[in-house]
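These notes are about the structure you will find just below.
Number of protein chains: 2
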Amino acid sequence: MARFFMAGTNIKGGTAIIRGRDAEHVRVLRLRPGEDVVICDGEGTDYKCRLVYADKEQAEAEVLEVVPCPAEPTVKTTLLCGLPKGDRVDYIIQKGVEAGAYEILFFNCERCVARPENPEKKLERWQRIAEEAAKQSGRGIIPQVSWAGEFAQALDAAVKKDLGLFMYETGEREALNTVLEGNKTIATAAIITGPEGGFAEYEAKLAKVCGLHICSMGERILRCETAPIVALTALMYATGNLA
Amino acid sequence: MARFFMAGTNIKGGTAIIRGRDAEHVRVLRLRPGEDVVICDGEGTDYKCRLVYADKEQAEAEVLEVVPCPAEPTVKTTLLCGLPKGDRVDYIIQKGVEAGAYEILFFNCERCVARPENPEKKLERWQRIAEEAAKQSGRGIIPQVSWAGEFAQALDAAVKKDLGLFMYETGEREALNTVLEGNKTIATAAIITGPEGGFAEYEAKLAKVCGLHICSMGERILRCETAPIVALTALMYATGNLA
Chain A
0 MARFFMAGTN IKGGTAIIRG RDAEHVRVLR LRPGEDVVIC DGEGTDYKCR
50 LVYADKEQAE AEVLEVVPCP AEPTVKTTLL CGLPKGDRVD YIIQKGVEAG
100 AYEILFFNCE RCVARPENPE KKLERWQRIA EEAAKQSGRG IIPQVSWAGE
150 FAQALDAAVK KDLGLFMYET GEREALNTVL EGNKTIATAA IITGPEGGFA
200 EYEAKLAKVC GLHICSMGER ILRCETAPIV ALTALMYATG NLA
Chain B
0 MARFFMAGTN IKGGTAIIRG RDAEHVRVLR LRPGEDVVIC DGEGTDYKCR
50 LVYADKEQAE AEVLEVVPCP AEPTVKTTLL CGLPKGDRVD YIIQKGVEAG
100 AYEILFFNCE RCVARPENPE KKLERWQRIA EEAAKQSGRG IIPQVSWAGE
150 FAQALDAAVK KDLGLFMYET GEREALNTVL EGNKTIATAA IITGPEGGFA
200 EYEAKLAKVC GLHICSMGER ILRCETAPIV ALTALMYATG NLA
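Structure, rendered in structure tokens:
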């Protein structure tokens, strides 16, 4: 069934007036009166509608059902990633959205090789990647991509969540599955992963002081763009959001 | 610690005679007598060695310990993927190896868009990607990349494993976590995923007749290059290989 995010639709009293980009979608997909379409409000709610009228400029549909988007995970997971180089950022955004991230933040830390003068400038492009991936994978929201700032700000964002996971490659760590098995009913989570060179020891220590779980994902060394996706998938699996 | 796959080393009676590409590694890394190095036989065994001698042509090391490579999962998982287009293949290989695949096979099926005349020709390049990823992630083997042939041959490869998972997007399916929770002690597994357009209905039916588990990974639609990595990660998590 055709599905798109609201961008020009007005829903009032059981009728959806479809204009702007949404009307364009209807036209491009050659949808005819009688056909069904799902309009998602981008905040987790799906409006299942049946077209009653469509012309070049606008369309009208009857709202059949209003439901929470079934693709939205029960846990809102924030990915916090030390900024990697080049297209690894794109990869983290695309796959992170597919795998169920609620939002994605990048930050600067000790071993970041990529140090954009003005990361905010890149946000528009990054957000477009998130939007594209959200549409393609049938998400109920468009996850926000943001610039968190420095390492301490990433920590600050993580400690506000029900569960904060800090992925680290050496030293004393908790096994990821042990941590997740004990936290199956959380509503929010943060996953922090490092850039190409990983984290400095003091950064891991600081994360621990802040109460984050310093986690191991086994003996295989994951690339900086793979680690957030693997950790997120494990979290989705453990919380019943991969079934 | 420096680590490489055996390619010119002879181990006899507690001494490793390092020649060829391995001796080159020692030279490039400027390893000196007294330094430790891990030489992996590519079949899951690590030789922890201490250099006793090194010149331009060869090096000699004392074998300190012979251990199973700790990065190797307890489950040998075969990824079987309907051949996708272009660099999606590269992606599946690189991330699949990082995430713990034992071997990766591609096959042709109803909705494959990519239909190489001679897929065997590509195997050399694919295998190099696997080797690179195996080295980078610290694997104990270099996963083999192969061409399985047609869909029926992929099914045939899957039914020989302790557990066969067939990822499918619609219809009656088992939840992936239910299946995995009931199969925590398997030694071998196969994960079958489709190409860009997914599987034809008859293919899914045939897979079911063959005794494979037709599995759902939730309501989010994963790209054909993302699905095998997410499924593999879930399997690694469920079998205790992500800790």
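From first to last, the protein sequence lines are chains A and B. Going by numbering that gives the first Met the number 0, the first sequence opens with residue 0, and the numbers climb by one from there. Going by numbering that gives the first Met the number 0, the second sequence opens with residue 0, and the numbers climb by one from there. Built from N, CA and C at the ideal position, the CB exists for glycine as well.
Got a sec? Which residues, its chain only, sit under 6 Å from Leu164(A) by beta carbon, not counting five neighbours each side? Stepping through the first sequence from its first residue, residue 164(A) is reached at position 165. Excluding positions up to five away in sequence, the list reads Ile190, His212, Cys214.
Check whether the region 10 to 30 of chain A touches the region 47 to 64 of chain A, counting contact only when three or more Cβ pairs, one atom from each stretch, lie closer than 8 Å.
yes
Using C-beta distances below 7 Å, list every residue in its chain close to Met235(B), excluding the 5 sequence neighbours before and after it, in chain order. Reading the second sequence from its first residue, position 236 is the one you call residue 235(B). Only Pro72, Ala98, Gly99, Leu241 meet the Cβ criterion.
- prompt: Closest Cβ-Cβ distance between Asn176(B) and chain A: below 8 Å?
  reply: Against the second sequence, residue 176(B) aligns to sequence position 177. Yes, because at least one Cβ of chain A sits closer than 8 Å to the Cβ of Asn176(B).
Should the region 163 to 180 of chain B be called in touch with the region 226 to 235 of chain B, which here means at least 3 C-beta pairs below 8 Å? yes
Would you say Gly99(A) faces chain B, with C-beta separation under 8 Å as the test? Against the first sequence, residue 99(A) aligns to sequence position 100. So yes, Gly99(A) belongs to the interface.
* Using a beta-carbon distance below 8 Å, is Gln135(A) in contact with chain B? -> Start at 1 with the first residue of the first sequence, and residue 135(A) comes out as number 136. Yes, Gln135(A) lies at the interface with chain B (some Cβ there is under 8 Å from its Cβ).
Per DSSP, what kind of secondary structure is Pro118(B) in: helix, strand or coil? Position 119 of the second sequence, counting from 1, holds the residue named residue 118(B). Here Pro118(B) sits in helix by DSSP.
Q | Neighbour list for Gly81(B) in chain A, Cβ cutoff strictly below 9 Å | A | Reading the second sequence from its first residue, position 82 is the one you call residue 81(B). Within chain A, no residue comes near Gly81(B); the closest Cβ sits about 18 Å away, beyond 9 Å.
Excluding the five sequence neighbours on either side, which residues of its own chain have a C-beta within less than 8 Å of the C-beta of Gly148(B), listed in chain order?
Here residue 148(B) corresponds to residue number 149 of the second sequence, with the count starting at 1. So the qualifying residues of the chain are Phe106, Asn107.
Can you look up Asn182(A) in the DSSP assignment and give me helix, strand or coil? Translated into positions along the first sequence, residue 182(A) becomes position 183. Three-state DSSP puts Asn182(A) in coil, outside helix and strand.
Next item on the list: Report back the beta-carbon spacing between Gln143(B) and Glu102(B) to the nearest angstrom; my notes put them in contact at under 8 Å.
Entry: One-based indexing of the second sequence puts residue 143(B) at position 144. One-based indexing of the second sequence puts residue 102(B) at position 103. So it is a contact: roughly 5 Å between Cβ atoms.
- Query: Looking at Ala156(A) and Leu79(A), is the spacing between their C-beta atoms short of 8 Å?
  - Reply: For the purposes of this step, residue 79(A) is taken as residue 80 along the first sequence, with counting starting at 1. For the purposes of this step, residue 156(A) is taken as residue 157 along the first sequence, with counting starting at 1. Yes.
**Prompt:** So what's Leu75(A) in DSSP terms, helix, strand or just coil?
**Reply:** Taking the first sequence and counting its residues from 1, one reaches residue 75(A) at position 76. The residue asked about is misnamed: residue 75(A) is Lys in this sequence, not Leu. Strand, per DSSP.
Compare the C-beta of Leu205(A) with all C-beta atoms of chain B and state if any pair is closer than 8 Å.
The sequence position of residue 205(A) within the first sequence is 206, counting from 1. No, Leu205(A) does not count as interfacial toward chain B.
- Can you name the residues that DSSP bridges to Gln143(A)? On the first sequence, position 144 is the one that residue 143(A) refers to. Partner(s): Glu102(A).
Item checked: For Tyr236(B), the three-state DSSP class (helix, strand or coil) -> Sequence index remark: in the second sequence, residue 236(B) carries index 237 (1-based). Note: Tyr236(B) maps to helix in three-state DSSP.
- Are the beta-carbon atoms of Gly139(B) and Gly13(B) separated by less than 8 Å? Within the second sequence, numbered from 1, the residue matching residue 139(B) stands at position 140. Within the second sequence, numbered from 1, the residue matching residue 13(B) stands at position 14. Cβ distance not < 8 Å, so Gly139(B) and Gly13(B) don't count as in contact.
Quiz item: Using a beta-carbon distance below 8 Å, is Lys94(A) in contact with chain B?
Solution: Taking the first sequence and counting its residues from 1, one reaches residue 94(A) at position 95. Cβ-Cβ to chain B under 8 Å: yes for Lys94(A).
Checklist entry - What is the DSSP secondary structure of Asp45(A), counted as helix, strand or coil? => result In the first sequence, the residue the question calls residue 45(A) occupies position 46. Of the three classes helix, strand and coil, the one that applies to Asp45(A) here is strand, per DSSP.
Exercise for the section: With DSSP collapsed to three states, give me the class of Lys55(A). Expected result: Within the first sequence, the letter at position 56 stands for residue 55(A). In the structure shown, Lys55(A) sits in coil (DSSP, three-state: anything other than H, G, I, E or B).
(request) For Val229(A), decide whether its Cβ has a neighbour in chain B, counting only Cβ atoms nearer than 8 Å. (result) Stepping through the first sequence from its first residue, residue 229(A) is reached at position 230. Cβ-Cβ to chain B under 8 Å: yes for Val229(A).
ask   = By DSSP, does Lys11(B) sit in helix, in strand, or in coil?
value = As a working note, residue 11(B) is residue 12 in the second sequence. Lys11(B) falls in the strand class under three-state DSSP.
Notebook entry, point to check: Closest by CA to Gly239(B), which one among Glu116(B), Lys75(B), Gly95(B), Thr192(B)?
Noted result: Translated into the one-based positions of the second sequence, residue 239(B) becomes position 240. Nearest option by C-alpha distance: Lys75(B).
### Residues, ordered as in the chain, of the region 197 to 226 of chain B that lie near chain A by beta-carbon distance below 8 Å
Ser215, Met216, Gly217, Glu218, Arg219, Ile220, Leu221, Arg222, Thr225
How about Gln152(A) and Ile128(A): do their beta carbons lie closer than 8 Å? Counting from 1 along the first sequence, the entry for residue 152(A) is found at position 153. Counting from 1 along the first sequence, the entry for residue 128(A) is found at position 129. No; because the gap between Cβ atoms is not below 8 Å, this pair is not in contact.
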